[in-house]
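Notes follow the structure.
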Amino acid sequence: MAAHLSYLMSKLQTLSTSDHSSVVSMNLFVALLLACIVIGHLLEENRWVNESITALLIGVCTGIVILLISRGKSSHLLVFSEDLFFIYLLPPIIFNAGFQVKKKQFFVNFITIVMFGAIGTLISFCIISLGATQIFKKLDIGSLDIGDYLAIGAIFAATDSVCTLQVLNQDETPLLYSLVFGEGVVNDATSVVLFNAIQSFDLTHIDSRIALHFMGNFLYLFFTSTMLGVFAGLLSAYIIKKLYFGRHSTDREVALMMLMAYLSYILAELFYLSGILTVFFCGIVMSHYTWHNVTESSRVTTKHAFATLSFVAEIFIFLYVGMDALDIEKWRFVSDSPGTSVAVSSILLGLLMLGRAAFVFPLSFLSNLAKKNPNEKISLRQQVIIWWAGLMRGAVSIALAYNQFTRSGHTQLRPNAILITSTITVVLVSTVVFGLMTKPLIRFLVPHSKQTTSMVLSEPTTPKSIIVPLLGQDSEGDLGSQEVRRPASIRDLLTTPTHTVHRYWRKFDNAFMRPVFGGRGFVPFVPGSPTERNNTQWQ
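Heads up, the sequence shown is in this note's numbering, so the first residue is -17 and it goes up one at a time.
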């Protein structure tokens, strides 16, 4: 009996010590987050450094300090977790990007964005996979099967859309931002679909049937994920418009928006869809309909709440990745052959740059062929920026690499350890080097972008681009004052300037969508309701 009590006491003491160490780790991590915010504010006007790079470098420096204090036993306060990244950190970032995105720029360039994000990712995937297959076999890194090589292609085809938010400015370069970030969202979704397909398909017998099955699976995921996000956004708009929670509590309508957005992401993951696409389009629809149905105070609250959650999650991710970069367990496997690890990292960086160049310039050429207006074409300088800004790799690549080459974050196989450390190296180098050079490159290649490309109206109390309609910028009065020629055929419709498509969308939106789901100018007036004072000027 005494022995049993002694055993229980020792277990409780162990649990207590573990809980205390977790509390200490969380305290230090929160303190580091605060330090990142303060230092990022002090470097706000710096033309080279941004907050993502600051957080990454602070994370690396902290990892070095912990490594020295623990005498080489550990380098991080928290262990990198795919679930933490995909379930808790990524959704608020992607949702806020959709909620704040300039919708006119995004949808005008939607075909180009899908070309870059889907076709471009497949091209990059093929080049990286083939290059790795041919070159890695000549290096002494151990045995890898065909699934590993294809996984490498999917891992490094995934751009870092989170870092794009930091290095590109939506107001200064709206076209570049919409193209690079929009491509990043579709790219991440495509890379995850590719990665899941690699793990689920039998790759020992690849034939045309499997290729067609994969393409059909991708189109299905893209369409259903988008529709789920649109449905969640419209449902939130309809509920808030009909029930009008603001009569009793603005907290309820803010909570409903947040939870509906997160529910859309979780449902997508539950049904094995792309949560990234789902929550992105949910954000777009909510900003167009739901946001206008809430009270004025809730508009200000949601705008800043979503932006704050996204900001903290971004800093958390880069700090997290920086600290995990010095995981001593994996670096021990490559300590006997550092040259091999450096060679693998260099080869991956080269393949990454080649794979991106192989689709950015050809697809930009094809996109320009379809545009008659010279001002809408992507210039060579802009293509260089798109190529360069999309070279950064981040937490998505690390999460996929951990999924493929580790078991619960640990590995005892030398080839897997080499690929994990090489992935971390590529992420650090691409984020710091390419991220540092992006802003100066934009200033050098597009020096007058701020004065010439700012096309969107905004108000202090609205999310960015809310004044701009979902697919156009024309006012309601323009619809009646200018006659739009009705295309006589599909060919005529495709060759008609794009703003006529926007006008048709505006007519459909005003006639069918806004009366049901609300939105600017279509919310019935109730004393104290969220109807804007200047509704009439938009009707």
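We treat Cβ as the ideally placed atom computed from N, Cα and C, and that holds for glycine.
Extent of the continuous alpha helix (DSSP H) to which residue i belongs
i	result
I266	G257 to V267
H286	E278 to D306
Q365	L362 to A371
Y159	P156 to S182
Q116	T103 to F118
Q87	K85 to V90
K359	First-last for K359: undefined, no H or E at that position.
L334	P320 to L351
P74	L72 to Q82
M97	M97 -> no alpha helix (DSSP H), and no H or E assigned at all.
R375	Where R375 is concerned, there is no enclosing alpha helix (DSSP H), given that its DSSP letter is neither H nor E.
D130	I128 to A139
N199	S190 to L225
I424	G417 to L427
T232	T232 to L252
T146	S143 to V149
I35	E33 to I51
R314	I310 to V316
V498	R496 to F499
Proximity of residue i and residue j at Cβ, strictly below 8 Å
i	j	result
L203	S246	no
I123	T322	yes
I137	L382	yes
V415	G376	no
V428	I367	yes
L333	I109	yes
L527	I46	Coverage of the chain is limited to positions -17 through 521, which leaves residue 527 absent and any answer about it impossible.
A140	V378	yes
V162	V96	no
F88	G164	yes
T420	W370	yes
S3	T413	no
F499	L249	no
A295	L71	yes
V174	F200	no
T152	K84	Here the sequence assigns Gln to residue 152, which means Thr is not the residue at that position. Contact flag set, yes.
I297	G80	no
T524	I424	An answer regarding residue 524 cannot be provided, because it is not within the stretch -17 to 521 covered by the chain.
G228	V282	no
M335	L362	no
Q386	A171	no
8 Å contact criterion, which residue i and residue j should meet: CB distance rounded
i	j	result
G22	M305	G22 to M305, Cβ: 17 Å. No contact.
Y244	P73	6 Å
F150	L158	According to the sequence provided, residue 150 is Leu. The question's Phe does not apply to it. The Cβ separation is near 6 Å, so the contact holds.
M268	S231	Contact doesn't hold; Cβ gap of about 19 Å is too wide.
F107	G135	4 Å
N32	G417	7 Å
I48	G129	Not a contact, Cβ separation roughly 35 Å.
V316	I192	Their Cβ separation, rounded to whole angstroms, is 35 Å, which puts V316 and I192 out of contact at 8 Å.
C18	T36	6 Å
I299	F490	Contact doesn't hold; Cβ gap of about 39 Å is too wide.
A325	L121	6 Å
Closest by C-alpha distance to residue i, when choosing among the options
i	options	result
E311	N398, P74 and F205	N398
L104	C43, S279, I93 and F177	F177
K146	I76, V267 and D130	It should be pointed out that residue 146 corresponds to Thr in this sequence rather than to Lys. For T146, the nearest C-alpha among the options comes from I76.
G501	I222, S34, K285 and K421	I222
V212	S173, V261 and L201	V261
L238	E251, A214, A250 and S111	A214
T388	T405, R485, I101 and L373	T405
N357	N91, G265, L345 and Q152	N91
V236	E278, Y486 and T206	E278
A289	S319, D318 and M240	M240
S63	R314, F341, Y384 and L330	Y384
D142	I48, I380 and K84	I380
L531	R234, N9, R191 and I258	Since the first residue shown for the chain is -17 and the last is 521, residue 531 is missing from the structure and cannot be characterised.
L291	S7, L15 and M8	L15
S125	R396, Y486 and P497	R396
N584	P422, A340, Q364 and R338	Residue 584 lies beyond the range of the chain shown here (-17 to 521); nothing can be said about it.
S328	R314, W487, T403 and K353	T403
S111	F343, K354 and L331	L331
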